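Q: Numbering (our numbering), first residue to last: 10 to 323.
Yeah, the Cβ is synthetic: ideal placement off N, Cα and C, and Gly gets one too.
Quantities reported herein were computed from a predicted structural model and do not represent experimental measurements.
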Amino acid sequence: MSELREITTGLRFPEGPVAMDDGSVILVEIARGQLTRVNTETGTQEVVAETGGGPNGAAVGPDGAMYVCNNGGCFEFIEVMGMLFPGPPPASYPGQGSIQRVDLGTGTVETLYEECADAEGAMHPLRAPNDIVFDTAGGMWFTDHGVRQGRTSDRTGIYYAKADGSSITEVIFPVDAPNGIGLSPSGDRVYVAETHTGRVWAWNVPSPGVAEGANPVGPSGGELLVGLEGYQLFDSLGVDGDGWVCVATLVNGGITSVSPDGSSVEHLATGDPITTNICFGGPDLGTAYITCSGTGRLLATEWPRPGLQLAYHA
Numbered sequence: 010m011s012e013l014r015e016i017t018t019g020l021r022f023p024e025g026p027v028a029m030d031d032g033s034v035i036l037v038e039i040a041r042g043q044l045t046r047v048n049t050e051t052g053t054q055e056v057v058a059e060t061g062g063g064p065n066g067a068a069v070g071p072d073g074a075m076y077v078c079n080n081g082g083c084f085e086f087i088e089v090m091g092m093l094f095p096g097p098p099p100a101s102y103p104g105q106g107s108i109q110r111v112d113l114g115t116g117t118v119e120t121l122y123e124e125c126a127d128a129e130g131a132m133h134p135l136r137a138p139n140d141i142v143f144d145t146a147g148g149m150w151f152t153d154h155g156v157r158q159g160r161t162s163d164r165t166g167i168y169y170a171k172a173d174g175s176s177i178t179e180v181i182f183p184v185d186a187p188n189g190i191g192l193s194p195s196g197d198r199v200y201v202a203e204t205h206t207g208r209v210w211a212w213n214v215p216s217p218g219v220a221e222g223a224n225p226v227g228p229s230g231g232e233l234l235v236g237l238e239g240y241q242l243f244d245s246l247g248v249d250g251d252g253w254v255c256v257a258t259l260v261n262g263g264i265t266s267v268s269p270d271g272s273s274v275e276h277l278a279t280g281d282p283i284t285t286n287i288c289f290g291g292p293d294l295g296t297a298y299i300t301c302s303g304t305g306r307l308l309a310t311e312w313p314r315p316g317l318q319l320a321y322h323a
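1. Figure out for me which residue from E124, R164, R157, G263 has the closest Cα to the Cα of A170.
2. Who are the near neighbours of V37 in its chain, counting only those whose CB is closer than 8 angstroms to its CB and skipping five residues on each side?
3. Measuring straight from C-alpha to C-alpha, what distance separates V89 and G303?
4. Does the segment 205 to 214 touch the segment 231 to 250, meaning 3 or more C-beta pairs lie closer than 8 angstroms?
5. For E311, I'd like the list of residues in its chain whose CB is within less than 7 angstroms of its CB, leaving aside the five on either flank, ordered along the chain.
6. Check whether the Cβ atoms of P194 and G252 lie closer than 7 angstroms to each other.
7. Verify whether the separation of the beta carbon atoms of A202 and L246 is less than 7 angstroms.
8. Enumerate in chain order the residues of its own chain whose CB-to-CB distance from A223 is below 7 angstroms, with the five nearest sequence positions on each side excluded.
9. Please determine, among V47, A278, R41, the residue with the shortest C-alpha to C-alpha distance to S324.
10. May I ask you to verify whether the segment 156 to 168 touches the segment 181 to 188, counting CB pairs closer than 8 angstroms and requiring at least 3?
11. Please report the distance separating the alpha-carbon of Y122 from that of I177.
12. When the Cα of Y321 is compared with those of M149, D127, I39, N139, which residue comes out closest?
13. In chain order, which continuous runs of the beta strand (DSSP E) of length 3 or greater are located wholly inside the segment 130 to 165?
14. Leaving out the 5 sequence neighbours to the left and right, which residues in its chain are closer than 7 angstroms to A74 when beta-carbon positions are compared?
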């Protein structure tokens with residue numbers, strides 16, 4: 010694998026990178042509550058929109074707008090030895106997050122979803138939406154990571170919603186701190202990383218917004234794709250063109266890549282214990298862009314496999 014190179018620095022807990030058609034990368038800065046465009050040639054930064062709260066995951070939707078998982082500002086950020094770490098919820102956290110739509114031309118921010126009904130019809134707030142991916146049918150899959158506060162820890166789930174704000178469904182519940190989410194190249198599998206367990210689960214997707222699996226002890230039948238040894242946590246993820254699930258890894262900072270059948274695991278170290286996400290762009294989608302949140306950097310490297318063309322990315 011090629012060496013890592015620094016694209017830009019000085020970001021405030023970057024996450025949710027999206028490689029754009031013009032060669033730039035739009036990412037979120039969770040600690041600043043904004044979307045930022047990074048010129049990958051010069052490293053210059055430009056504010057695209059002020060979302061407020063805690064923008065976390067982002068993806069381009071069928072209308073060309075950016076859709077953002079906003080965690081509601083559920084982290085108080087703490088600086089330790091020159092790095093930024095997410096801490097407990099601050100007093101300003103309102104107790105819920107949202108799914109937002111951002112017009113990239115005007116910077117206008119619209120809130121689409123703040124709650125969802127469970128299987129029995131009871132409404133629950135979205136506590137801390139985290140990562141998002143669109144399918145080719147125009148729907149979005151996203152995770153709700155939940156919040157750990159004092160002696161309590163949320164049990165949350167995985168959702169499917171329409172981009173026009175008309176429909177949201179809790180597809181999988183419960184999952185323990187679901188974070189990264191991605192779809193296989195053919196769209197027939199959905200993958201989710203659990204942060205604190207260091208596990209990636211997989212479900213079959215027979216039709217849009219439907220997930221199923223035959224594992225009697227997995228969440229909603231989910232199949233365990235990988236579970237890491239030792240103290241390693243998982244953050245957000247991307248799927249490359251060969252179907253490898255590439256998961257940002259905390260503590261053992263870097264990207265852990267898992268083959269589609271879970272039999273092979275690779276690790277790319279970044280030197281940042283709070284490595285949070287990955288996306289693919291550049292010529293032939295051969296460049297991986299990686300957010301290193303603790304040190305506030307966006308890195309790039311040439312990926313050993315082709316990247317995956319996401320829905321609604323030209």
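A: Taking the structure as given:
1. E124
2. P23, E24, G25, Q43, L44, T45, T60, P64, N65, G66, A67, V77
3. 9 angstroms
4. yes
5. S11, G295, T296
6. yes
7. yes
8. G230
9. Outside the displayed span of the chain (10 to 323) sits residue 324, for which this structure offers no information.
10. yes
11. 8 angstroms
12. M149
13. 132 to 134, 138 to 143, 148 to 153
14. R110, V111, D112, L113
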